[in-house]
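Below is one structure, written out as structure tokens, with a few remarks after it.
In our numbering, the protein residues as written are 800 to 901.
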């Protein structure tokens, strides 16, 4: 690619889709009990799995989220699809019910 006609937003989307397709980028969701320290514990588990956190979204207000629970959405940089499976397994082992949504 060359020239000044490159749409950097489109280029960014293309790169992110490529990373997701090869397992280098994943979006995970999990419910946690809405108590101080629980988000930190979840992120500690992710760090133990050697995944890089790109973003964190924490929501406890939407009506479909059970009371005293919070939904956490993580965007992670990973090595490959096997690494994603390892992360899901590790989180499940520690009592979370994570799901990959991308």
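Backbone N, C-alpha and C fix where the C-beta goes; we use that ideal spot for every residue, glycine too.
Residue burial classification, residue i (beta-carbon count within 10 angstroms, cutoff 16)
| i | result |
| --- | --- |
| residue 877 | buried |
| residue 852 | exposed |
| residue 900 | exposed |
| residue 875 | buried |
Selected residue, minimal CA-CA separation from residue i, among the options
| i | options | result |
| --- | --- | --- |
| residue 873 | 809, 841, 832 | 841 |
| residue 838 | 825, 885, 856 | 856 |
| residue 870 | 828, 884, 824, 811 | 828 |
| residue 850 | 898, 836, 825 | 825 |
Cβ-Cβ separation, residue j to residue i (assumed contact under 8 Å), whole Å
| i | j | result |
| --- | --- | --- |
| residue 822 | residue 879 | 4 Å |
| residue 884 | residue 859 | No, residue 884 and residue 859 are not in contact; Cβ-Cβ is about 28 Å, not under 8 Å. |
Residue j beta carbon less than 8 Å from that of residue i
| i | j | result |
| --- | --- | --- |
| residue 844 | residue 890 | yes |
| residue 830 | residue 896 | yes |
Alpha carbon of residue i to alpha carbon of residue j, nearest angstrom
| i | j | result |
| --- | --- | --- |
| residue 862 | residue 868 | 11 Å |
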